[in-house]
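Chains X and L, in that order, are what the protein sequence lines are. Under the numbering used here, think of the first position of the first sequence as 492, with each following residue one higher. Under the numbering used here, think of the first position of the second sequence as 28, with each following residue one higher. These notes are about the structure you will find just below.
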Amino acid sequence: MKVLKFLIPLTVFAVLVGFFAKGLYLDPREVPSPLIGKPAPEFALTRLDQPEQTIRRADMLGKVWMLNVWASWCEACRDEHPFLVDFAKLKALPIYGLDYKDQREPAQGWLAERGNPYDASLFDANGRVGIDFGVYGVPETFIIDKQGVIRYKKIGALTPEVLRDTVLPLVRKLNG
Amino acid sequence: MADARRLLAAALLALAAVVPARAADAPASAASAATIKFEAPAAHLTAADPAIEARMLEITGELRCLVCQNQTIADSHADLAVDLRQQVREMLQKGQTPDQVRAYMTARYGDFVLYRPPLNGSTAVLWLAPAVLLAVALVALALVIRRRSQLPDDQFEPDPVLDDDPRSGTPA
């Protein structure tokens, strides 16, 4: 009984410390997306560089592809961009940009200056498609499979480690 | 004197040339984000119908803004919150119910956006823990009181004798 009196508070304390310690390493910005495993939302957007050409969800079926949400006003996109430019050289999968709440001119200038890793960028001026994809912190990256199902989402800037250790193996698996 | 004035003019010119260049360079994110926000037509900032506006604020007051996570979508000035308020206005104008609005939000951002999360497997601990803790505390309290009420008087420390207690008999 004497031992219990000492052990119970100690155990409770240890459990609390465990929770807090875990909490220190969680990123509150990384909210698990309910879209993973669900079909990608419908979209029909014009190309950033060719306003007369529209790309729809159905056009993308049959291939594993990456949707990278970016904007010329986005700070973190600048950090991410060189990694994406390098990654595009591997030609591991088609990379499409979603130019989120941007204007055509600065966006095109941004790509001309920093390199264009995208097969095409979809121009989402009012951000409605971004909302349908549950975008809340640009940059965000989605991997979408041949059936049009979202298989992976990365919130925040991609790093060479994420591209190498998570994205590439997933793409290989999805391409079978 | 004329030299100084010329120098000042040159300095001002140089500044005028540098400042916009800087603005276009580093803080372009903040600057262009702001431009985009203010480009929205003024009519979009509130619904024409005050009843819709009130219902919109009521619903978004219970939704979490994902950009500044401790604010509601109703309160937040984040760009995304402005867009989502407009989205909710349009949904209400089309006659959709608050439940449909909440379903729209959770389909995109998960239960995380709800300040009142639904009771399900992963939130059971969250909802039930306060009641369980209260029950444990009440049982512990009852046990302690019962045990102490059965103890004889000599098990308790005597009440401290206070200096200014008139019953203590000792002059202060």
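In this text, a Cβ means the ideal position worked out from N, Cα and C, and glycines have one as well. Please read all numbers here as calculations on a predicted model, not as lab measurements.
- Query: What does DSSP give as the partner residues of THR537/X in its beta bridges?
  - Reply: THR545/X
- Quick one: give me the first and last residue of the beta strand (DSSP E) that TYR587/X is part of. 586–591
- Query: Counting Cβ pairs closer than 8 Å, one from the region 537–551 of chain X and one from the region 607–622 of chain X, do we hit at least three?
  - Reply: yes
- Query: Can you give the Cα-Cα distance for ILE622/X and GLY509/X, rounded to whole angstroms?
  - Reply: 36 Å
- Query: Buried or exposed: where does VAL115/L fall if 16 or more other Cβ atoms within 10 Å of its Cβ makes it buried?
  - Reply: buried
- With a cut-off of 8 Å, does the C-beta of LYS645/X fall near any C-beta of chain L? no
- Segment contact flag, the region 122–132 of chain L with the region 646–658 of chain X, C-beta cutoff 8 Å, min 3 pairs: no
- Query: For GLU66/L, is the classification buried or exposed, using 16 other Cβ atoms within 10 angstroms of its Cβ as the cut-off for buried?
  - Reply: Bear in mind that the predicted position of GLU66/L carries a pLDDT of just 42, short of 50, making it too unreliable to give a figure here.
- Message: I want to see whether chain L comes within less than 8 Å of VAL522/X, judged by CB atoms only; does it?
- Response: yes
- Would you grab the beta carbon distance between VAL629/X and PHE534/X for me? Rounded to a whole angstrom, and I think it's under 8 Å. No, VAL629/X and PHE534/X are not in contact; Cβ-Cβ is about 16 Å, not under 8 Å.
- Task: Counting only the same chain and skipping the five closest in sequence on each side, list residues whose C-beta sits under 8 Å from that of LYS529/X.
- Result: VAL640 and ILE641
- Along chain L, in chain order, which residues have C-beta atoms closer than 8 Å to that of TYR627/X? LEU93, VAL94, LEU107 and TYR136
- Cβ of THR99/L within 8 Å of any chain X Cβ: no
- Query: At a Cβ threshold of 8 Å, is LYS496/X touching chain L?
  - Reply: no
- Item | Secondary structure of PRO530/X, DSSP reduced to three states | strand
- Message: Just verifying my parser: in three-state terms, what is the DSSP assignment at ALA648/X?
- Response: coil
- The alpha helix (DSSP H) enclosing ASP106/L, as first and last residue numbers: 106–120
- Message: Helix, strand or coil for GLU184/L? Go by DSSP, reduced to three states.
- Response: coil
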